[in-house]
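J.: Following this message is one structure expressed as structure tokens.
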């Protein structure tokens, strides 16, 4: 099968899955609703479940899709950035930074209201971005092999933030329940405000990434080679790092830490359509969205009416699949 | 005006100089080889003249223009670089890699390749004889084939100067010869100036006009190969005693290693 046919088939399957995923997300839930109710709600807008369909289930599905797409795009960017197919969106410390911010705001009893953000979301977003900024500034001081030092500094800073989070939780056992939201990820608080909050950043990031996709193709060959081919490496690297951090931070702020999406989705997409970032970015975003849409559907329906954290689902399905990929005969990337 | 003029170049990593005041010139259509032992600064030199490493000082002029005032893409429009072959991390196809050489020529980011781009890629693959496996992945190729793909990418870049870093390493005798014959053809037929860092003296002597011996970051000797190659120069640069003989096919000097156990006194 040629690359092109493969790509078109993949896109076709993705579109079908997305449509099915959104349909099931609207149809299924703790309250029993029928297909005819859903049909009436869509066509005439006169269903007794109108609020459940369009006030609860739809924004939740859209948010799950956007977060999945953001995480996968962030992962695709960072795997190229670090030239390492095992990099993920949280490698810079975004996740640890965000959970520290959320737990800290609970601990201090802060209340800051900004449209669309809960206090914890805002604290999570700010600490996460601040941590990445620190990591970047520390590693930038060594101008030789910046990306390696960035990777290691990110891991160290992440560990430090995690330690602080654990310490805070250890002192306040009652905060643990609320903190689980961030530590394992959930869309149970999803509403339209959050959707509109992250939507513009996601679209903007996708457009910029797509615009610079050719440069990323050169970057993965090595900085020296990229420069010799004419790519302004330093500027491009800065932009990509900013995009990846922004996407990951916003995702964590609205949905907590959802692991594995940003790692396995871009990786798997690369295996299917090849490493060309002009396609990889877009296809990763679409696949990540679809993957998280179904993961959240499972998270809220398996033990309905109880919900399990969506991070549990992504890891439970993601990890075995990833081990399979790694053990496949042939190359990893 | 020379294509490339380097004066008093000091360059290295982390502010530790590897090169201590190197000067050289490359004219249009010239074939220049830089030889020297491991660690003498060959790779650093070929990277420094393209500003690929952070620490570079001295005067470098590309077509008369100050290298430090040029943009990355302006340098790339004049010098194409063939790095040493390495393992691919992301497995692009041969054609994709060669097409990357057209980066600086592509005006629009969302449009595909222009006719000119396509023609340049096709010709580069034709010259390096890799057209037959253009759909293959880099990981499926041998070292010699990968080297040719990297040369094709540099050719697609369409520059007056071609710089190569140890193009013969990892290659067997047959491929070493093929690569140098290809370079000679590019120099003669396409008028390219070629600058090559090479540790295999016997390989580059018949091909280069100008040979530069580098030792510990300084130029030890420079000139036409037949004029500067002597037992004394080799002793100075490489620290070994050799015999010289005449190559049967070229009549040029050739290094003959002395293999007897008493080659060097054991202290």
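Chains as they are written, first to last, in the working numbering: chain A, 10 to 342; chain B, 2 to 268.
For each residue, glycine too, the CB sits at the ideal point set by N, CA and C.
1) Is it true that the CB of residue 63 of chain B sits closer than 8 Å to the CB of residue 5 of chain B?
2) For residue 97 of chain B, which residues in chain A fall below 7 Å Cβ to Cβ?
3) What's the gap between the Cα of residue 174 of chain A and the Cα of residue 68 of chain B?
4) Chain A beta carbons: is any one of them nearer than 8 Å to that of residue 92 of chain B?
5) Can you check whether the CB of residue 169 of chain A is closer than 8 Å to the CB of residue 214 of chain A?
6) What does the alpha-carbon distance come out to for the pair residue 302 of chain A and residue 74 of chain A?
7) Which residues does DSSP pair with residue 82 of chain B in a beta bridge?
8) Excluding sequence positions up to five away, which residues of its chain have a Cβ less than 8 Å from the Cβ of residue 310 of chain A?
9) The beta strand (DSSP E) spanning residue 257 of chain B covers which residue range?
10) Shortest alpha-carbon distance to residue 230 of chain B belongs to which of B:203, B:217, B:249?
11) Please specify which runs of the alpha helix (DSSP H), each continuous and at least 4 residues long, are wholly inside the segment 184-228 of chain B, giving them in chain order.
12) Starting from the beta carbon of residue 229 of chain A, find every residue of chain B whose beta carbon is closer than 7 Å, and list them in chain order.
13) Quick check on the burial criterion: 16 or more other C-beta atoms within 10 angstroms. Buried or exposed for residue 17 of chain A?
14) Given a threshold of 16 other Cβ atoms within 10 Å of its Cβ, counted over all protein chains shown, does residue 267 of chain B qualify as buried or as exposed?
15) Does the Cβ of residue 166 of chain B have 16 or more other Cβ atoms within 10 Å, making it buried, or fewer, making it exposed?
16) Could you list which residues in chain B have their beta carbon closer than 8 Å to that of residue 233 of chain A, in chain order?
17) By a C-beta neighbour count over all protein chains shown, 10 Å radius and 16 as the cutoff for buried, is residue 271 of chain A buried or exposed?
18) Does DSSP put residue 85 of chain A in a helix, a strand or coil?
19) For residue 299 of chain A, which option in A:53, A:70, A:239 has the closest C-alpha, if you only look at C-alpha atoms?
20) Taking C-beta pairs closer than 7 Å, name the residues in chain B that residue 336 of chain A reaches, listed in chain order.
21) Around the Cβ of residue 191 of chain A, are there at least 16 other Cβ atoms within 10 angstroms (buried) or fewer (exposed)?
22) Should residue 262 of chain A and residue 172 of chain A be called a contact, given that it needs their Cβ atoms to be closer than 8 Å?
23) Return no unless some Cβ of chain B is closer than 8 Å to the Cβ of residue 83 of chain A.
24) Give the range of the beta strand (DSSP E) segment to which residue 148 of chain B is assigned.
25) For residue 251 of chain A, report the span of its alpha helix (DSSP H) as first-last.
26) Could you round the C-beta distance between residue 110 of chain A and residue 128 of chain A to whole angstroms and report it? I think they count as a contact, below 8 Å.
27) Quick one: which chain B residues come within Cβ less than 9 Å of residue 241 of chain A?
28) Can you find a CB in chain A that lies within less than 8 Å of the CB of residue 126 of chain B?
29) So with Cβ pairs under 8 Å, would you call residue 158 of chain B a contact of chain A?
30) On the three-state DSSP scale, how would you describe residue 18 of chain A?
31) When you compare only the Cα positions, how much space is there between residue 184 of chain B and residue 128 of chain B?
32) Answer with yes or no whether the minimum CB distance from residue 4 of chain A to chain B is below 8 Å.
33) Please check if any C-beta of chain A sits within less than 8 Å of the C-beta of residue 102 of chain B.
34) Using a beta-carbon distance cut-off of less than 9 Å, what residues from the segment 213-225 of chain A approach chain B?
35) Select from the segment 182-201 of chain B all residues with a C-beta closer than 7 Å to any C-beta belonging to chain A, and list them in chain order.
36) From residue 160 of chain B to residue 228 of chain A, what does the alpha carbon distance come to, in whole angstroms?
T.: Taking the structure as given:
1) yes
2) 285
3) 50 Å
4) yes
5) no
6) 5 Å
7) B:164
8) 37, 38
9) 254-258
10) B:203
11) 202-205
12) 90, 91
13) exposed
14) Residue placement at residue 267 of chain B cannot be trusted, given a pLDDT of 48 that sits under 50; what the coordinates show is reported in the next sentence. When all chains shown are included, residue 267 of chain B counts as exposed.
15) buried
16) 48, 53, 54, 82, 84
17) buried
18) helix
19) A:70
20) Simply none; closest approach about 18 Å.
21) buried
22) no
23) no
24) Premise fails: residue 148 of chain B lies in the alpha helix (DSSP H), 144-157, not in any beta strand (DSSP E).
25) 242-264
26) 10 Å between Cβ atoms; not a contact.
27) 72, 73, 74
28) no
29) yes
30) helix
31) 10 Å
32) In this structure chain A extends from 10 to 342, so residue 4 of chain A is not present and cannot be described.
33) yes
34) 219, 220, 221, 222, 223, 224
35) none
36) 21 Å
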